[in-house]
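S.K.: Chains as they are written, first to last, in our numbering: chain A, 109 to 246; chain B, 712 to 854. Don't be surprised by glycine CBs; every beta carbon is placed ideally from N, CA and C.
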Amino acid sequence: SEASGGRSLRADGFGENPFYHCLVAEILPAPGEPLGPCVVGYGLYYFIYSTWKGRNIYLEDVYVMPEYRGQGIGSKIIKKVAEVALDKGCSQFRLAVLNWNQKAIDLYKALGAQDLTEAEGWHSFRFEGEAMRKLAGK
Amino acid sequence: GSQVRISKEEEDLEVADGFGENPFYHCLVAEILPAPGEPLGPCVVGYGLYYFIYSTWKGRNIYLEDVYVMPEYRGQGIGSKIIKKVAEVALDKGCSQFRLAVLNWNQKAIDLYKALGAQDLTEAEGWHSFRFEGEAMRKLAGK
Numbered sequence: 109s110e111a112s113g114g115r116s117l118r119a120d121g122f123g124e125n126p127f128y129h130c131l132v133a134e135i136l137p138a139p140g141e142p143l144g145p146c147v148v149g150y151g152l153y154y155f156i157y158s159t160w161k162g163r164n165i166y167l168e169d170v171y172v173m174p175e176y177r178g179q180g181i182g183s184k185i186i187k188k189v190a191e192v193a194l195d196k197g198c199s200q201f202r203l204a205v206l207n208w209n210q211k212a213i214d215l216y217k218a219l220g221a222q223d224l225t226e227a228e229g230w231h232s233f234r235f236e237g238e239a240m241r242k243l244a245g246k
Numbered sequence: 712g713s714q715v716r717i718s719k720e721e722e723d724l725e726v727a728d729g730f731g732e733n734p735f736y737h738c739l740v741a742e743i744l745p746a747p748g749e750p751l752g753p754c755v756v757g758y759g760l761y762y763f764i765y766s767t768w769k770g771r772n773i774y775l776e777d778v779y780v781m782p783e784y785r786g787q788g789i790g791s792k793i794i795k796k797v798a799e800v801a802l803d804k805g806c807s808q809f810r811l812a813v814l815n816w817n818q819k820a821i822d823l824y825k826a827l828g829a830q831d832l833t834e835a836e837g838w839h840s841f842r843f844e845g846e847a848m849r850k851l852a853g854k
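(1) Residues of chain B with a CB under 7 Å from the CB of Leu224 of chain A: which are they?
(2) Does any CB atom of chain B fall closer than 9 Å to the CB of Asp120 of chain A?
(3) Could you tell me whether the Cβ atoms of Ser199 of chain A and Lys161 of chain A are closer together than 9 Å?
(4) Does the count of Cβ pairs from the segment 199 to 218 of chain A and the segment 811 to 826 of chain B closer than 8 Å reach three?
(5) Determine the direct distance from the alpha carbon of Pro734 of chain B to that of Ser158 of chain A, and round the result to whole angstroms.
(6) What is the residue span of the alpha helix (DSSP H) that Ser183 of chain A lies within?
(7) Return helix, strand or coil for Gln818 of chain B, following the three-state DSSP convention.
(8) Let me know the secondary structure DSSP gives Gln200 of chain A once reduced to three states.
(9) Determine whether the beta carbon atoms of Pro172 of chain A and Ile156 of chain A lie at a separation below 9 Å.
(10) Identify which residue in A:Gly237, A:Ala227, A:Lys188 has its Cα closest to the Cα of Arg849 of chain B.
(11) Are the C-beta atoms of Gly180 of chain A and some chain B residue less than 9 Å apart?
(12) Would Tyr153 of chain A and Glu168 of chain A qualify as a contact pair, given that the criterion is a beta-carbon distance under 9 Å?
(13) Who pairs with Phe122 of chain A in a beta bridge, going by DSSP?
(14) Shortest alpha-carbon distance to Tyr736 of chain B belongs to which of A:Phe127, A:Pro142, A:Val147?
(15) Measuring straight from C-alpha to C-alpha, what distance separates Glu749 of chain B and Tyr758 of chain B?
(16) Alpha carbon to alpha carbon, how far is Gly229 of chain A from Ile743 of chain B?
(17) Taking 9 Å as the cut-off, decide whether the C-beta atoms of Ala798 of chain B and Leu243 of chain A are in contact.
(18) Gly113 of chain A CB to nearest chain B CB: under 9 Å?
(19) Confirm, please, whether the CB-CB distance from Gly805 of chain B to Gly853 of chain B is below 9 Å.
(20) Taking Cβ-Cβ distances shorter than 7 Å, what residues in chain A pair up with Gln830 of chain B?
(21) Pull up the DSSP beta-bridge partners for Asn772 of chain B, would you.
(22) Do you know offhand how far Pro747 of chain B's Cα is from Val132 of chain A's?
(23) Quick check: does the Cβ of Ala812 of chain B come within less than 8 Å of any heavy atom belonging to the ligand MN?
(24) What are the boundary residues of the alpha helix (DSSP H) that Ala847 of chain B is part of?
(25) Trp230 of chain A bridges to which residues according to DSSP?
(26) With which residues is Cys130 of chain A paired in a DSSP beta bridge?
(27) What would DSSP say about Gly790 of chain B, mapped onto helix, strand or coil?
(28) At a CB-CB cut-off below 7 Å, which residues of chain B make contact with Gln200 of chain A?
(29) Roughly how far, in whole angstroms, is the beta-carbon of Pro145 of chain A from the beta-carbon of Pro137 of chain A, given that I think they are within contact range, below 8 Å?
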């Protein structure tokens, strides 16, 4: 699908130097069933960098279709990201959660993540739109 | 007085991750240029290290990982110049926003970023940064 702002998810993810990578969770058909594998979830991530720790991964999106939740698919996606991260020499991977998304918070904590905003006081800041253009002198 | 120039770091450093064919990060440096007649070359007094990130909603973005100005050169607007240059680079590269992280006790940085027009998303929208690392991460990966 096309991302807003005129950028193509297809071009950005599947060219020579992709901006992101995506894992998909597929349900495989039972033997004899005519249908092919069916994608029911995904994990979109990219590589980031820390001057202290070197290469890291940032997990931008985790999604499982509502009818397939509660089966551990989200956990499998996150475990696969951890595996990819270690294979690629990353010492950690990060993600963001909204503070009212209790299900996600509980899942990530159960899997061993630490809330850095709570533990260390990190806040996410953003420049965008008019403020950003003004800053750039454009 | 001396001028400050913000430019892309071009030196051949040993850090392969920044200077290979597909660098993991990019770095702007702030240099003090010598006054006319002075024998010394430009002197790096600060830097801004950033990389490209991606949002499924907004497309390409920049993440400003590090901003640093040597203590003796602070209070002169160099940090602001670095951030403005990052905004310029971001727009030139088709990014609709750029992000950064601040510690909640770093009042000077918070005041600077807000004065320059940034929004605290943790405060405004409730975003929390989570991290997997070390033993917990290896266990997760089954390694």
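M.R.: Per the coordinate set shown:
(1) Ser840, Phe841, Arg842
(2) yes
(3) yes
(4) no
(5) 13 Å
(6) 181 to 195
(7) helix
(8) strand
(9) Reading the sequence as shown, one finds Val at residue 172 of chain A and not Pro. Taking 9 Å as the Cβ cut-off, Val172 of chain A and Ile156 of chain A do not qualify as a contacting pair.
(10) A:Lys188
(11) no
(12) yes
(13) In the DSSP output, where bridge partners are listed per residue, Phe122 of chain A has none listed.
(14) A:Phe127
(15) 23 Å
(16) 34 Å
(17) yes
(18) The predicted model places Gly113 of chain A with a pLDDT of 41, which falls under 50 and marks its position as unreliable, so this point remains unresolved.
(19) no
(20) Phe233, Arg234
(21) B:Ile764
(22) 60 Å
(23) The ligand MN is absent from the structure shown, which contains no ligand whatsoever.
(24) 845 to 852
(25) B:Leu814
(26) A:Leu152
(27) helix
(28) Arg842, Phe843, Glu844, Met848
(29) 7 Å
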